[in-house]
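In terms of full-length UniProt numbering, the sequence shown opens at residue 1 and continues consecutively.
Think of the CB as a built atom: it goes at the ideal place given N, C-alpha and C, for glycine as much as any other residue.
No experiment lies behind these values; they were computed from the predicted model shown.
Data block below; observations after.
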Amino acid sequence: MAYAGGSRICWADDVAGLVAALAGVYEYEAMGPQDALVARIRTAIRAQVLVQAEWVSEAMLNGDFGRCTEVERGVLTGRRDRQPRGWSTDLLGHDYWSAPVPLVLVTTGWWAEEHLMPVGEPGAIHWLNPLTDDDLLDSMEDLGLITCWATTE
């Protein structure tokens with residue numbers, strides 16, 4: 001796996017070893033299921049914050065951030081101890097993201113709540129999914145944060 005903008009490479013025997021490197025938790029493979037899920041969620045939230053900050057910075061430079069409403073700017077720059085809520089809704093009652101700056105969300109931030117998961121145009125919302133090791137790696141790769149490959153002997 002290549003990560004940290006391609007500046008780091010990690011070799012592992014399994015996906016848990018790759019997640020351990022991303023999470024910075026060397027005892028990850030010995031953790032129980034609940035502790036491992038917490039480590040993956042923390043890793044996803046860190047990635048969410050970093051990617052969202054990068055995209056907001058780019059949007060400030062190209063003028064897209066100024067085209068956002070005050071509510072949208074608050075969602076983009078707000079805290080991530082809870083997943084953001086409160087922008088416009090579609091006809092079915094889903095939060096609907098239509099700002100010119102894409103939004104990064106973590107799936108587990110919505111499962112424990114009674115809210116419907118938000119929707120938007122293709123490319124408007126990017127999800128990080130820490131449910132399993134494979135889900136986390138796949139969603140991080142979809143965002144371009146990591147590149148994974150497998151070798152055979």
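If we count the other Cβ atoms within 10 Å of its Cβ and call it buried at 16 or more, is Asp95 buried or exposed? Within the sequence shown, numbered from 1, the residue matching residue 95 stands at position 95. When all chains shown are included, Asp95 counts as buried.
Give me, in chain order, the residues of the same chain whose beta-carbon lies closer than 8 Å to that of Leu136; leave out the 5 immediate sequence neighbours on both sides. Taking the first residue of the sequence shown as position 1, residue 136 is located at position 136. Cβ within range, chain order: Val19, Leu22, Arg40, Thr43, Ala44, Leu128, Asn129, Pro130.
Residue ranges of each alpha helix (DSSP H) within the region 78–121, 4 or longer: 108–111
Tell whether a beta-carbon distance below 8 Å holds between Thr147 and Met31. Taking the sequence shown and counting its residues from 1, the one referred to as residue 147 is at position 147. Taking the sequence shown and counting its residues from 1, the one referred to as residue 31 is at position 31. At the C-beta level, Thr147 and Met31 stay beyond 8 Å of one another.
Assuming Pro118 contacts Asp64 under a Cβ cut-off of 8 Å, what Cβ separation, rounded to an integer in Å, is found between them? Counting from 1 along the sequence shown, the entry for residue 118 is found at position 118. Counting from 1 along the sequence shown, the entry for residue 64 is found at position 64. At roughly 19 Å, the Cβ-Cβ gap does not stay under 8 Å, so Pro118 and Asp64 are not in contact.
Rounded to the nearest angstrom, what separates Thr108 and Leu37 at their Cα positions? Translated into the one-based positions of the sequence shown, residue 108 becomes position 108. Translated into the one-based positions of the sequence shown, residue 37 becomes position 37. Thr108 and Leu37: Cα-Cα distance of roughly 10 Å.
Using the Cβ count rule (16 or more neighbours within 10 Å means buried), how would you classify Trp97? Taking the first residue of the sequence shown as position 1, residue 97 is located at position 97. Trp97 should be labelled buried.
When burial is assigned at 16 or more other CB atoms within 10 Å of the CB, is Ser139 buried or exposed? Here the question's residue 139 lines up with position 139 in the sequence shown. With 16 or more other Cβ atoms within 10 Å, it is buried.
Beta strand (DSSP E) segment containing Gly127, residue limits: If you number the sequence shown from 1, residue 127 lands on position 127. Position check: residue 127 holds Trp in this sequence, whereas Gly was assumed. Taken as a continuous stretch (DSSP letters only), the beta strand (DSSP E) holding Trp127 covers 125–128.
Express the C-alpha separation of Leu91 and Leu145 in angstroms, rounding to a whole number. The sequence position of residue 145 within the sequence shown is 145, counting from 1. The sequence position of residue 91 within the sequence shown is 91, counting from 1. Whole-angstrom Cα-Cα distance: 34 Å.
Should Pro122 be labelled buried (16 or more other beta-carbon atoms within 10 Å of its own) or exposed? The residue you call residue 122 lines up with position 122 of the sequence shown. Exposed is the call here.
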